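S.K.: Here it is, the structure, as structure tokens.
In the working numbering, the protein residues as written are -3 to 90.
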């Protein structure tokens, strides 16, 4: 049932940015994996890295919309911040 859903794992113990994003918002992460990442990889639309980049890009677009519309300020800051996470993931990967 809805009350039993797990919304996050131990993101506060993350040692990499990648684990942080995988454990921060599980419903969104699971939806992106099921409906964007896996279909892209399974149907050979893209490799794993390009599918991951597509997921982050889609998330970045939604973050920009969520931030810019209420504040009536479209400066691509949320988009840029989300896309910077891709570099941070690579930099913190063991």
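By construction, the Cβ of each residue, glycine as well, lies at the ideal position given by its N, Cα and C atoms.
All of these numbers come straight from a predicted model, not from anything done at the bench.
To the nearest angstrom, how far is it from the Cα of residue 19 to the Cα of residue 1?
M.R.: Taking the first residue of the chain shown as 1, we reach residue 19 at position 23. Taking the first residue of the chain shown as 1, we reach residue 1 at position 5. Their backbone Cα atoms lie some 13 Å apart in a straight line.
S.K.: Taking all protein chains shown into account, do 16 or more other C-beta atoms lie within 10 angstroms of the C-beta of residue 17, making it buried, or fewer, making it exposed?
M.R.: Numbered from 1 along the chain shown, position 21 holds the residue referred to as residue 17. Buried.
S.K.: Residue 74 and residue 60 - do their beta-carbons sit closer together than 8 Å?
M.R.: Position 64 of the chain shown, counted from the start, is the residue given in the question as residue 60. Position 78 of the chain shown, counted from the start, is the residue given in the question as residue 74. Cβ atoms of residue 60 and residue 74: closer than 8 Å.
S.K.: Sorted by chain position, which residues of the same chain lie with C-beta nearer than 6 Å to residue 52's C-beta, five sequence neighbours on each side aside?
M.R.: Position 56 of the chain shown, counting from 1, holds the residue named residue 52. Excluding positions up to five away in sequence, the list reads 82.
S.K.: Can you tell me which of the three DSSP states residue 30 falls into?
M.R.: Walking along the chain shown from the start, residue 30 turns up at place 34. Assignment of residue 30 by DSSP, reduced to helix, strand and coil, places it in the helix class.
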